[in-house]
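Notes follow once the structure below has been shown.
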Amino acid sequence: MKNVKVPKVTKGVSALVVAGLIGGAGLYVSSNSLYNVEGGHRAIVFNRILGVKEKVYPEGTHLLIPFFERPIIYDVRARPHLVESTSGSRDLQMVKIGLRVLTRPVPDQLPTVYRTLGVNYNERVLPSIIHETLKAVVAQYNASQLITQREAVSREIRKILTARASSFNIALDDVSITSLTFGKEFTAAIEAKQIAAQEAERAKFVVEKAEQDKRSAIIRAQGEAKSAQLIGQAIANNKSFITLRKIEAARDIAHIIANSANRVYLSSEDLLLNLQGMNLSSKK
442 MKNVKVPKVT KGVSALVVAG LIGGAGLYVS SNSLYNVEGG HRAIVFNRIL GVKEKVYPEG
502 THLLIPFFER PIIYDVRARP HLVESTSGSR DLQMVKIGLR VLTRPVPDQL PTVYRTLGVN
562 YNERVLPSII HETLKAVVAQ YNASQLITQR EAVSREIRKI LTARASSFNI ALDDVSITSL
622 TFGKEFTAAI EAKQIAAQEA ERAKFVVEKA EQDKRSAIIR AQGEAKSAQL IGQAIANNKS
682 FITLRKIEAA RDIAHIIANS ANRVYLSSED LLLNLQGMNL SSKK
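If you're matching positions, the sequence shown starts at 442 in our numbering and goes up one per residue.
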């Protein structure tokens with residue numbers, strides 16, 4: 442072992458190793474000291490010494506201290522969430538209601554959101570407050586009112602949800618009811634009620650039509666009576682009135698026959714066309 446010679450490391454090689462280590466460290470620092478915040482996102486920074494910083498970083502490229510700091514990116518765009526809940530109405534009918542909400546975190550309160558709820562704030566907060574709100578609101582209405590007053594129910598749900606979510610620094614942009622499903626018994630009762638209403642409307646229409654036909658018959662009879670009275674008066678005052686009517690009838694018959702493609706051979710007396718034999722003089 443005493444005869445083994447250890448090679449000596451020259452100063453040039455040691456300098457090269459040191460330069461490589463320094464360059465690698467510099468490359469690591471430069472590559473980990475920048476981070477990007479994409480559009481529609483915000484960032485907060487966690488410092489190993491100070492904790493979560495209060496500053497919220499907007500979109501763009503930002504600096505941080507490698508190893509001591511790390512960025513936490515939040516999506517601040519509105520995102521839809523679909524929730525279904527089964528609740529009891531005021532008249533003890535079970536209602537399955539589907540709700541769609543658009544939520545987003547309040548950008549200025551992201552440090553607080555991270556401290557209290559973490560990154561998955563929606564899964565921690567929304568299901569509980571939505572179910573509780575739906576049960577509280579649905580219990581105030583009858584099953585039929587949930588259908589006829591759907592817009593008012595939606596406004597009430599939105600009002601309560603907005604107030605509840607704001608306490609967790611979550612903003613609600615929209616709340617809408619997507620579906621309402623009732624039990625089989627209630628659905629059958631609604632269908633029966635609709636059929637009865639349609640039958641009642643049909644019976645009402647029949648009664649109104651009969652009443653209208655009755656009025657039409659009365660008006661027609663009155664018109665015919667008045668017409669007969671006027672014709673009688675005209676005949677009494679002027680005997681030529683009947684002759685005038687015969688001439689008008691003969692003119693109409695002649696017009697029909699002239700326009701017909703068939704040939705007709707009939708007596709002129711039957712067709713009221715014997716105008717030459719009429720006495721056109723007026724007798725008083």
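Note that the Cβ used here is the ideal one computed from N, Cα and C, for glycine as well.
Requested in this report: Can you have a look at P499 and say buried or exposed, based on whether 16 or more other CB atoms are within 10 angstroms of its CB?
Outcome: Numbered from 1 along the sequence shown, position 58 holds the residue referred to as residue 499. With fewer than 16 Cβ atoms within 10 Å of its Cβ, P499 is classed as exposed.
Report task. Buried or exposed for F508, please, with buried defined as at least 16 other CB atoms from any protein chain shown within 10 angstroms of its CB. Result -> Translated into the one-based positions of the sequence shown, residue 508 becomes position 67. By the Cβ neighbour-count rule, F508 is exposed, with fewer than 16 other Cβ atoms within 10 Å of its own.
Query raised in the report: Just how far apart, CA to CA, sit A637 and S569?
Result: Your numbering for residue 637 matches position 196 in the sequence shown. Your numbering for residue 569 matches position 128 in the sequence shown. One C-alpha to the other measures close to 41 Å.
**Report entry** Separation of Y515 from Q550, as counted between CA atoms
**Finding:** By one-based count along the sequence shown, residue 550 stands at place 109. By one-based count along the sequence shown, residue 515 stands at place 74. Taking the straight line from one Cα to the other gives about 11 Å.
Query raised in the report: Where do the N-terminal and C-terminal ends of the alpha helix (DSSP H) with I571 fall, by residue?
Result: Taking the sequence shown and counting its residues from 1, the one referred to as residue 571 is at position 130. Note, I571: alpha helix (DSSP H), 562 to 579.
**Report entry** Coarse secondary structure for F623, derived from DSSP in three states
**Finding:** The residue labelled residue 623 in the question sits at position 182 within the sequence shown. Here F623 sits in strand by DSSP.
Report task. In angstroms with no decimal places, state the Cα-to-Cα distance between V554 and V578. Result -> Translated into positions along the sequence shown, residue 554 becomes position 113. Translated into positions along the sequence shown, residue 578 becomes position 137. Straight-line Cα distance between these residues: approximately 27 Å.
Report task. Pull up the DSSP beta-bridge partners for Y555, would you. Result -> The sequence position of residue 555 within the sequence shown is 114, counting from 1. In DSSP, Y555 forms no bridge with anything.
Query - R686 versus S668: straight-line alpha-carbon distance, rounded - result: Within the sequence shown, the letter at position 245 stands for residue 686. Within the sequence shown, the letter at position 227 stands for residue 668. Computed Cα separation, rounded: 14 Å.
Query raised in the report: So, is L671 buried or exposed, given that buried needs 16 or more other C-beta atoms within 10 angstroms?
Result: For the purposes of this step, residue 671 is taken as the residue at position 230 of the sequence shown. Result: exposed.
Query raised in the report: Does the separation of the CB atoms of Q534 and F646 fall below 8 Å?
Result: Residue mapping note: residue 534 aligns to position 93 of the sequence shown, counting from 1. Residue mapping note: residue 646 aligns to position 205 of the sequence shown, counting from 1. No, the Cβ-Cβ distance between Q534 and F646 is not below 8 Å.
Query raised in the report: To the nearest angstrom, how far is it from the Cα of I588 to the Cα of K634?
Result: Taking the sequence shown and counting its residues from 1, one reaches residue 588 at position 147. Taking the sequence shown and counting its residues from 1, one reaches residue 634 at position 193. Within the model, the alpha-carbon separation for I588 versus K634 is close to 14 Å.
Query raised in the report: Cα separation between K725 and A695?
Result: As a working mapping, residue 725 is identified with position 284 in the sequence shown. As a working mapping, residue 695 is identified with position 254 in the sequence shown. Annotation note: pLDDT 46 at K725 (below 50); position unreliable, no value reported.
Query raised in the report: Can you name, in chain order, every residue of its own chain whose Cβ lies under 7 Å from the Cβ of S617, other than the five neighbours on each side?
Result: If you number the sequence shown from 1, residue 617 lands on position 176. So the qualifying residues of the chain are R541, S595.
Query - Sequence-distant residues of the same chain with beta carbon closer than 7 Å to N610, five excluded per side - result: One-based indexing of the sequence shown puts residue 610 at position 169. Taken in chain order, the residues that qualify are P546, V547, Q550, T553, V554.
Query - Through-space distance from A584 to G624, alpha-carbon basis - result: Here residue 624 corresponds to residue number 183 of the sequence shown, with the count starting at 1. Here residue 584 corresponds to residue number 143 of the sequence shown, with the count starting at 1. Taking the straight line joining both Cα atoms gives about 10 Å.
Query raised in the report: With C-beta atoms as the reference, is G539 less than 8 Å away from L523?
Result: One-based indexing of the sequence shown puts residue 539 at position 98. One-based indexing of the sequence shown puts residue 523 at position 82. Cβ atoms of G539 and L523: closer than 8 Å.
Query raised in the report: Apart from the five residues on each side of it in sequence, which residues of its chain come closer than 6 Å, Cβ to Cβ, to T619?
Result: Locating residue 619 in the sequence shown gives position 178, where the first residue counts as 1. The answer, listed in chain order, is G539, R541.
Query raised in the report: When we look at the beta-carbon of L613 and count the other beta-carbons within 10 Å, is it buried (16 or more) or exposed?
Result: Position 172 of the sequence shown holds residue 613. It counts as buried.
Requested in this report: For R483, name the three-state secondary structure that DSSP assigns.
Outcome: Numbered from its first residue, the sequence shown carries residue 483 at position 42. Judged by DSSP in its simplified three-state form, R483 adopts strand.
Requested in this report: Could you check the C-alpha separation between V648 and G529 for me, to the nearest Å?
Outcome: The residue given as residue 648 occupies position 207 in the sequence shown. The residue given as residue 529 occupies position 88 in the sequence shown. Taking C-alpha positions only, V648 is separated from G529 by approximately 42 Å.
Query - Pair within 8 Å by beta-carbon distance, A580 and R531 - result: Here the question's residue 580 lines up with position 139 in the sequence shown. Here the question's residue 531 lines up with position 90 in the sequence shown. Judged by their CB atoms, A580 and R531 are nearer to each other than the 8 Å cut-off.
**Report entry** Between the CA atoms of E495 and I485 - distance to the nearest angstrom
**Finding:** Numbered from 1 along the sequence shown, position 44 holds the residue referred to as residue 485. Numbered from 1 along the sequence shown, position 54 holds the residue referred to as residue 495. The straight-line gap from Cα to Cα measures roughly 8 Å.
Query raised in the report: Which residues in the same chain as N477 place their Cβ atom closer than 7 Å to its Cβ, once the five residues preceding and following it in sequence are excluded?
Result: Indexing the sequence shown from 1 puts residue 477 at position 36. Excluding sequence neighbours, N477 sits near T502.
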